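**Q** Residues -16 to -1, 1 to 370 in mature numbering (1 follows the signal peptide of the UniProt record, and there is no 0) are what the sequence shown lists, from first letter to last.
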Amino acid sequence: MSLLTRIASLLGLSSSAPIAPPGAALAATVTVPASLGFVPVAIHFDLFDILVTLGTSATAEEVTTTCNARIKARDNNEPELSTRLASDTLYIMAGLGFVERVDEDRFNANAITKHMVAMPSAQHGALHFTTEGLMAGAFLMKKLQDTNFAYPFADADGPLQYAYQLMGQPELAARHTYSIMETQGRMDSFNNFMVGKFLKFGTFPERVKSMGYDLDSALAVGRNPGSAAMVDIGGGRGELLLEVQAVYPQLRADELIVQEFNAEIDSVPGVRLMEWNYKESSEQPIRGARVYSLQHILHNLPDLDAVALLQKISKAMAPGSRILIIEYAKNLTYTSLHASMIALYGGRERSAAEWRQIASLTGLKVTFEAYVRAGESLVEMRRDIS
């Protein structure tokens, strides 16, 4: 079963593809990593956009000609694309399902190609996981072997750091993955990925309300004047809070706070930006907020770091405060993402039992949970006053 067929099955989509023999299915899966190495090549030369722009099937030579014309027009002395590299890259992208192969050397844009062009954040995400993610995965076993299988990994002492150690770059080996990316000029791309990720499941208010969550009560709109309505920790460029503000226009900008320590983010129009790094700061500076949100933050953290962050939030909470955790469920849809979080950050996706265990260690209790097979799940925690 191909990777795309497996995803279709997990999402409950029909697929007419026949079931492959076990050996063929095994081979198709374990030979994927080298193919993924060509994804940054396709993105660098904008091959997906070229196919969409051409609007019809094209040979590798035609794609190469278009690509090199763009390079010459920019006049930045950039290396040009060879027809051979374009041909191999397009062929491999077709094997991954990212483009359509019409015949031996003719390719066309398919639905995934068009999605990546229409939603640029998806290409930035593909670049992240086929650059940092692929590298971390390649050194995972070596890291385990050379440390007598010490596990789990610390947040800044995982396979990616070990790769740089073995390559003789100790200055990078001592850094967190985000710091490595910042040093290499990769954080702007990562931030663009986080704006839309690979796809949107609707706005934040739409998603949580569809799960049966009472966001109106959580935000206590019209009550608690002077307190922060919502603090989005690690909230990037404020997308979540801006979606909240669109539904609740009565919430002022100073009631909606993004806490970040990302050096690439220095302003968030429409909401209040505050610098806070939970590892370096002793306390959560915003006390008694109605909602503290953590969207795709805790799965980047090892268990002990997740506990430390939640403990600091717990101490700042008022009796009516809530923590909203937005993550993917730990199910078969997200095994690859689970592996990526482990290899890149020492983090992990977590099950309902794991969330309850973490809550018990931080003076909190799970008061709402909704897990979905595909898409973002929601866990609410409040202070345990029992």
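Note that CB positions come from ideal geometry on N, CA and C, so glycine has one too.
As the structure is a computational prediction, the values presented were derived from the model and not from experiment.
Quick check on the DSSP output: what are the complete alpha helix (DSSP H) runs of length 4 or more inside the stretch 98 to 153, in order along the chain?
**A** Qualifying alpha helix (DSSP H) stretches, in chain order: 104 to 113, 116 to 122, 124 to 130, 143 to 150.
**Q** Taking buried to mean at least 16 other C-beta atoms within 10 Å of its own C-beta, is residue 190 buried or exposed?
**A** Here residue 190 is taken as the residue at index 206 of the sequence shown, counted from 1. Label assigned to residue 190: exposed.
**Q** Taking just the CA atoms, how far does residue 345 sit from residue 101?
**A** Translated into the one-based positions of the sequence shown, residue 101 becomes position 117. Translated into the one-based positions of the sequence shown, residue 345 becomes position 361. About 44 Å.
**Q** Is the distance from the Cβ of residue 355 to the Cβ of residue 323 below 7 Å?
**A** Counting from one through the sequence shown, the residue named residue 355 turns up at place 371. Counting from one through the sequence shown, the residue named residue 323 turns up at place 339. No.
**Q** From the DSSP output, read off the bridge partner residues of residue 162.
**A** On the sequence shown, position 178 is the one that residue 162 refers to. According to DSSP, residue 162 bridges with nothing at all.
**Q** For residue 161, which residues in the same chain have their Cβ closer than 7 Å to its Cβ, ignoring the five residues on either side in sequence?
**A** Counted from its first residue, the sequence shown places residue 161 at position 177. For residue 161, where only same-chain residues beyond five positions count, the Cβ hits under 7 Å are 116, 144, 328, 329.
**Q** Measure the C-alpha to C-alpha separation of residue 303 and residue 20 and round it to an integer number of angstroms.
**A** Counted from its first residue, the sequence shown places residue 303 at position 319. Counted from its first residue, the sequence shown places residue 20 at position 36. If I take the Cα positions, the gap works out to 48 Å.
**Q** Would you decide whether residue -6 is buried or exposed? Buried here means 16 or more other CB atoms lie within 10 Å of its CB.
**A** Position 11 of the sequence shown, counting from 1, holds the residue named residue -6. Residue confidence is low: residue -6 scores 49 on pLDDT, short of 50, so the model does not pin down where it sits. No coordinate-derived value is stated.
**Q** Give the DSSP bridge partners of residue 367, in chain order.
**A** Along the sequence shown, one-based indexing puts residue 367 at 383. DSSP lists 348 as partners of residue 367.
**Q** Since residue 43 and residue 89 should fall inside the 8 Å C-beta cutoff, what is the C-beta to C-beta distance between them, to a whole number of angstroms?
**A** Within the sequence shown, numbered from 1, the residue matching residue 43 stands at position 59. Within the sequence shown, numbered from 1, the residue matching residue 89 stands at position 105. The pair is a contact, with the Cβ atoms about 5 Å apart (cut-off 8 Å).
**Q** Please report how far the alpha carbon of residue 211 lies from the alpha carbon of residue 305, in whole angstroms.
**A** Translated into the one-based positions of the sequence shown, residue 211 becomes position 227. Translated into the one-based positions of the sequence shown, residue 305 becomes position 321. One C-alpha to the other measures close to 11 Å.
**Q** Write down every uninterrupted run of the beta strand (DSSP E) in the stretch 244 to 275 whose length is 3 residues or greater and which is fully enclosed by it, in chain order.
**A** Listed in chain order, they are 256 to 259.
**Q** I'd like the span of the alpha helix (DSSP H) that includes residue 311, first residue to last.
**A** Residue numbering aside, residue 311 sits at position 327 when the sequence shown is read from its first letter. Premise fails: residue 311 lies in the beta strand (DSSP E), 306 to 312, not in any alpha helix (DSSP H).
**Q** Exposed or buried, what is residue 74 when buried is set at 16 or more other beta-carbons lying within 10 Å of its beta-carbon?
**A** Counted from its first residue, the sequence shown places residue 74 at position 90. Under this definition residue 74 is a buried residue.
**Q** Shortest alpha-carbon distance to residue 319 belongs to which of 24, 310, 308, 331?
**A** Within the sequence shown, numbered from 1, the residue matching residue 319 stands at position 335. Per the Cα distances, 331.
**Q** Would you call the CB atoms of residue 242 and residue 216 closer than 7 Å?
**A** The residue given as residue 242 occupies position 258 in the sequence shown. The residue given as residue 216 occupies position 232 in the sequence shown. Yes, these two residues count as a Cβ contact at 7 Å.
**Q** Give the secondary structure of residue 37 by DSSP, where H, G and I count as helix, E and B as strand, and everything else as coil.
**A** By 1-based counting over the sequence shown, the position of residue 37 is 53. Note: residue 37 maps to helix in three-state DSSP.
**Q** Is it true that the CB of residue 240 sits closer than 7 Å to the CB of residue 255?
**A** As a first step, residue 255 must be located in the sequence shown, where it is residue number 271. As a first step, residue 240 must be located in the sequence shown, where it is residue number 256. In this structure, residue 240 lies closer than 7 Å to residue 255 by Cβ.
**Q** Report all residues from its chain with a CB closer than 8 Å to the CB of residue 369; omit the five preceding and five following residues, and keep chain order.
**A** Taking the first residue of the sequence shown as position 1, residue 369 is located at position 385. Excluding residues within five positions, the ones whose Cβ falls inside 8 Å are 303.
**Q** Using a Cβ-Cβ cutoff of less than 8 Å, which residues in the same chain neighbour residue 150 once the five nearest sequence positions on both sides are dropped?
**A** In the sequence shown, counting from the first residue as 1, residue 150 sits at position 166. Excluding positions up to five away in sequence, the list reads 123, 126.
**Q** Rounded to whole angstroms, what's the CA-CA distance from residue 263 to residue 6? Just pull it up for me.
**A** Numbered from its first residue, the sequence shown carries residue 263 at position 279. Numbered from its first residue, the sequence shown carries residue 6 at position 22. Using only the alpha carbons, I get a separation of about 47 Å.
**Q** If you follow the alpha helix (DSSP H) that residue 76 is in, where does it begin and where does it stop?
**A** On the sequence shown, residue 76 is found 92 positions in, with the first residue counted as 1. Where residue 76 is concerned, the enclosing alpha helix (DSSP H) stretches over 67 to 80.
**Q** Nearest-angstrom Cα distance between residue 244 and residue 258?
**A** To locate residue 244, count along the sequence shown from 1; it is residue 260. To locate residue 258, count along the sequence shown from 1; it is residue 274. Answer to the nearest angstrom: the Cα atoms are 6 Å apart.
**Q** Since residue 92 sits in a beta bridge, which residues does DSSP pair it with?
**A** The sequence position of residue 92 within the sequence shown is 108, counting from 1. BP columns for residue 92 point to 84.
**Q** Residues in the same chain with beta-carbon distance under 6 Å from residue 192, minus the five sequence neighbours each way, listed in chain order, please.
**A** For the purposes of this step, residue 192 is taken as residue 208 along the sequence shown, with counting starting at 1. Closer than 6 Å at the Cβ level, and outside the excluded window around residue 192, lie 199, 362.
**Q** Just the C-alpha distance for residue 181 and residue 17, rounded to the nearest angstrom, thanks.
**A** Looking up residue 181 in the sequence shown gives position 197. Looking up residue 17 in the sequence shown gives position 33. Rounded to the nearest angstrom, the two C-alpha atoms are 21 Å apart.
**Q** Among 22, 92, 81, which residue has its Cα nearest to the Cα of residue 372?
**A** The chain is shown only over -16 to 370; residue 372 falls outside these bounds and no answer can be derived.
**Q** Helix, strand or coil for residue 170? Go by DSSP, reduced to three states.
**A** In the sequence shown, the residue the question calls residue 170 occupies position 186. Residue 170 falls in the coil class under three-state DSSP.
**Q** Spell out the partners DSSP gives residue 354 in its beta bridges.
**A** Residue numbering aside, residue 354 sits at position 370 when the sequence shown is read from its first letter. Bridge partners of residue 354: 362.
**Q** On the DSSP bridge assignment, give the partners of residue 216 in chain order.
**A** As a first step, residue 216 must be located in the sequence shown, where it is residue number 232. Per DSSP, 242, 277.
**Q** Name the one or two DSSP bridge partners that residue 42 has.
**A** Walking along the sequence shown from the start, residue 42 turns up at place 58. Paired residues: 91.
**Q** Looking at residue 274: is its Cβ nearer than 7 Å to the Cβ of residue 358?
**A** Looking up residue 274 in the sequence shown gives position 290. Looking up residue 358 in the sequence shown gives position 374. No. Outside cutoff.
**Q** Figure out for me which residue from 59, 183, 68, 138 has the closest Cα to the Cα of residue 107.
**A** Along the sequence shown, read from residue 1 onward, the residue named residue 107 stands at position 123. Among 59, 183, 68, 138, the Cα nearest to that of residue 107 belongs to 183.
**Q** Reducing DSSP to helix, strand and coil, say where residue 237 ends up.
**A** Locating residue 237 in the sequence shown gives position 253, where the first residue counts as 1. The answer is helix: DSSP assigns residue 237 an H, G or I state.
**Q** Do you know how far the Cα of residue 136 is from the Cα of residue 365?
**A** As a working mapping, residue 365 is identified with position 381 in the sequence shown. As a working mapping, residue 136 is identified with position 152 in the sequence shown. Their backbone Cα atoms lie some 25 Å apart in a straight line.
**Q** Is the distance from the Cβ of residue 47 to the Cβ of residue 70 below 7 Å?
**A** Numbered from 1 along the sequence shown, position 63 holds the residue referred to as residue 47. Numbered from 1 along the sequence shown, position 86 holds the residue referred to as residue 70. Contact flag set, yes.
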